[in-house]
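Trainee:
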Amino acid sequence: MKKFILFCSIYFFTTALIAQSVVVNSPASIAGALQYGNTGVPPAHWGADLNSNIWTADVAAMMDKCLTPLDGCDTVTNKSELVGKLVLINRGTCNFSFKALQAQDWGAIGCIIVNNVPNGGVAVMGAGTFAATIRADFPVVMITFEDGEKIRAEMANGPVNMSIGNIRFDHDVATDSRKAISHMPYGTYPGGWIRNTGDFSVTPAANITNKGKNIETGNKANVSIRFTPQGGSSSEYDNQTSDGSLVIEVDSTRSVEFLPFDFAGKIPGNSIGKGTLTYTVSSDATDGSNFDNVGISEFYLSQNIISKSRLSANLRDPFSTISIRRGDNTNAEYLTGVKIPYGIGCRIDSILFYMTVNAPATLAGLTPEAILYGWNDIDGDGNATNAEISFLALGTYTFDGGETRSAAVVRIALEDFNSGDPGFTIPDNNMRFFVGVRYSGTELPFFGFDEGMDYIWNNALLARMGTITDTDIPYVGVSQYDPNTGVPDLENAFVFTNRTGALSVSLIMSGDCLVKLKNVQEINAEIDLSPNPAKDYILVDVALEKSTSKIKYQIFDNFGKKVLDIEDKNAADKFFQKINLTNLSSGTYHINIVTDHGSKMRSFQII
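Below, the structure is given as structure tokens:
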């Protein structure tokens, strides 16, 4: 599988884009080039090739009859206002190509979709159901939530004029926050696992592309790596600048690599918080489009979550920038790999992922599945074969028949494939796993991906060093299974064209492996939590192998913050506690039972 994925990565890694722009021409208060997303790289795109023309018009906002009247998903109510305009439509509810079709049908010359996620940037827009009906001269782009808000505010004061297409500035060097930069190896990683050199490190790297009309000299890049612990202030841990010797021809890309950076020994053990890698590129000329001179990669250090994707604003769910399914209208299983360096004492409890269907359809009655696979790299070549894959744990979740949502983050509790026990207890350190999510029914759901964690640069660097393995890939899809064992046929896996972002899937774990402890033993104890998921309270029933003079019930949220601490000073070997949860919000929590002899941790959910 590795060679197939690597080929795709190198192909896209060496592809350079020529100039494309989305520009506000007037009013002057918001004039300038905007960050934008497109419908793919030609020829793998839908709608107009943005390099083929320049489209200029005033902006009009589409209105429809539904409860969210700006998303273009229902009967349009202001059709006459759209003729000859660039039409502004909010992201959400229905697929991108339906929104574009609505604008096209009512006489617009182009469609500008506004991301509905604050600080969510932009995305490459999937084709959806109606892409084939969008004319080859009809441009479709996405802009950020923040830029959309500015444009709508100015439209209340008068006309806003914009241009889309092959617009060139005299001087314009660019990078981006996705394919053009290297990222941390995981978007979300347990802070307690940063113990030794190599546990959480990166080789910073960035592309600089000349999108302007002239040869650019004096090109250089800077990288700043910062981390902000939860409840603390931001600190810079690395800052490097290249020497400025690069000369870049028009429509060409050059790369800058920096010295590797390792977090081990740099931040306190068990750190929880958010970090950034900020890349800034420049030349020795004044840039005409400076919105694209900065690329930012985010990562999160959590208490018990590992994921190639970032975290959502609730600091629990995997972040998703786009939802994808196969273009041939068939279902598939999507997998991503992880390596767990410190597994002893840990249990993988559940898997979280993002899933959606096209509105007005809902998730009612759908039963997605999540599967944990083990990978024993028998020959040590880093290339996963079917014979090296085994079932470890699995689970399903069925949406209620009255479910009204068309999109949701799904949490599936795992059961050990062999024993039927809750979760999968990791038997050793340095183990590799694949996580799979799928739906096998007749519906055709989409699954979430985080294109803000694009691993092209990372995989290219690992390949050059000869250390890449199949757990480094952001995702693969499979549509068939080994006839002898039933495991996914990884030897015939596929990836989507021009999609190299992370699958939005998280592993949720519990146990002392998540914290770098000193002389703390896991106790032999039976711990029963009910109900789980809980709502207003949870009952904790503890049976110890040895009596203790007292017991503590410590509850931590998903970012490692202690939210409850209850002590029972009665000596015993059996304890029962009813804990009030009404002051805690919904999400995943972890209860640590502490005795004279050590501790033991279990996870539970509040709904």
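Residues in the sequence shown are numbered from 79 upward in steps of one, following the numbering used here.
Just so it is clear, CB atoms sit at the ideal spot from N, CA and C, and this is done for glycine as well.
Beta strand (DSSP E) containing A485: first to last residue?
Mentor: A485 to A491
Trainee: In its own chain, which residues sit with a C-beta less than 8 Å from the C-beta of T171, not counting the 5 before and 5 after it?
Mentor: C144, T146, D149, C151, A437 and S484
Trainee: Only counting the same chain, and skipping five residues up and downstream in sequence, which positions put a Cβ closer than 6 Å to that of S390?
Mentor: F397
Trainee: Count the other C-beta atoms from every protein chain shown that fall within 10 angstroms of the C-beta of E623, then say buried if there are 16 or more, exposed otherwise.
Mentor: exposed
Trainee: By how many angstroms is the C-alpha of G526 removed from the C-alpha of R394?
Mentor: 15 Å
Trainee: Residue range of the alpha helix (DSSP H) that G226 falls in?
Mentor: F223 to M233
Trainee: Below 8 Å on the Cβ atoms is my contact criterion, and I expect Y357 with V301 to pass it. Report the Cβ-Cβ distance as a whole number of Å.
Mentor: About 5 Å separates the beta carbon of Y357 from that of V301, a gap short enough to meet the 8 Å contact definition.
Trainee: On the DSSP bridge assignment, give the partners of N28 in chain order.
Mentor: There is simply no residue 28 to check, as the chain begins at 79 and stops at 685 in what is shown.
Trainee: Which whole-angstrom value describes the C-beta separation of R273 and A342, a residue pair presumed to lie in contact below a C-beta threshold of 8 Å?
Mentor: 7 Å
Trainee: Excluding the 5 residues flanking N392 on each side, which residues of the same chain have their C-beta closer than 6 Å to its C-beta?
Mentor: none
Trainee: What does the Cβ neighbour count give for H588, buried or exposed, with the cut at 16 atoms within 10 Å?
Mentor: Per the sequence presented here, residue 588 reads as Ser, with His not at that position. Label assigned to S588: buried.
Trainee: Which residue comes first and which comes last in the alpha helix (DSSP H) that contains D183?
Mentor: F174 to D183
Trainee: Just to confirm the assignment: which complete beta strand (DSSP E) runs, minimum length 3, are found wholly within the region 544 to 577?
Mentor: Runs found: 554 to 556.
Trainee: In whole angstroms, what is the alpha-carbon distance linking P120 and A214?
Mentor: Whole-angstrom Cα-Cα distance: 11 Å.
Trainee: Would you mind stating whether T354 and G198 have Cβ atoms separated by less than 8 Å?
Mentor: no
Trainee: Counting along the chain, where does the beta strand (DSSP E) carrying Q318 start and finish?
Mentor: S313 to T319
Trainee: Closer than 7 Å to a non-hydrogen atom of the ligand MG - does that hold for the CB of I293?
Mentor: Absent from the structure shown: the ligand MG. Ligands present: none.
Trainee: Out of curiosity, what's the CA-to-CA distance linking R516 and Q558?
Mentor: Taking C-alpha positions only, R516 is separated from Q558 by approximately 12 Å.
Trainee: On the criterion of 16 or more Cβ atoms from any shown chain inside 10 Å, does Y615 qualify as buried, or is it exposed?
Mentor: Exposed is the label assigned to Y615, since fewer than 16 other Cβ atoms lie within 10 Å of its Cβ.
Trainee: In whole angstroms, give me the CA-to-CA distance for S241 and V102.
Mentor: 7 Å
Trainee: Quick check on DSSP: helix, strand or coil for S255?
Mentor: coil
Trainee: Taking buried to mean at least 16 other C-beta atoms within 10 Å of its own C-beta, is K257 buried or exposed?
Mentor: buried
Trainee: For A471, report the span of its beta strand (DSSP E) as first-last.
Mentor: Start and end: I467 to T474.
Trainee: Assign P446 to one of two classes, buried (16 or more other C-beta atoms within 10 Å of its C-beta) or exposed (fewer than that).
Mentor: buried
Trainee: Between V583 and S385, how many whole angstroms is the CB-CB distance? I'm expecting something under 8 Å.
Mentor: With 8 Å as the limit, V583 and S385 qualify as a contact, their Cβ atoms being about 6 Å apart.
Trainee: Can you tell me whether M543 is buried or exposed, with buried defined as 16 or more other CB within 10 angstroms of its CB?
Mentor: M543 comes out exposed.
Trainee: Quick one, which of T520, I303, Y267 and D455 has its alpha-carbon nearest P338's?
Mentor: I303
Trainee: When you compare only the Cα positions, how much space is there between S677 and E493?
Mentor: 23 Å
Trainee: Can you tell me which residues form a DSSP beta bridge with C424?
Mentor: G589
Trainee: Can you tell me whether K157 is helix, strand or coil according to DSSP?
Mentor: helix
Trainee: Of all Cβ atoms in chain D, is any one closer than 8 Å to the Cβ of N274?
Mentor: This model lacks chain D altogether; it includes just one protein chain.
Trainee: Going by the beta-carbon positions, is the gap between R403 and P523 smaller than 8 Å?
Mentor: In this structure, P523 lies closer than 8 Å to R403 by Cβ.
Trainee: Going along the chain, which residues of its own chain have a beta-carbon closer than 8 Å to the beta-carbon of N371, five neighbours each way excluded?
Mentor: V251, A252, T253, T358, V359, S360 and D365
Trainee: Using the beta-carbon count (16 or more within 10 Å), is S627 buried or exposed?
Mentor: Classification of S627: exposed, given that the 10 Å Cβ count is below 16.
Trainee: Is the beta carbon of L430 sitting closer than 8 Å to the one on I449?
Mentor: no
Trainee: Would you mind reading off the limits of the beta strand (DSSP E) that contains M679?
Mentor: G676 to I684
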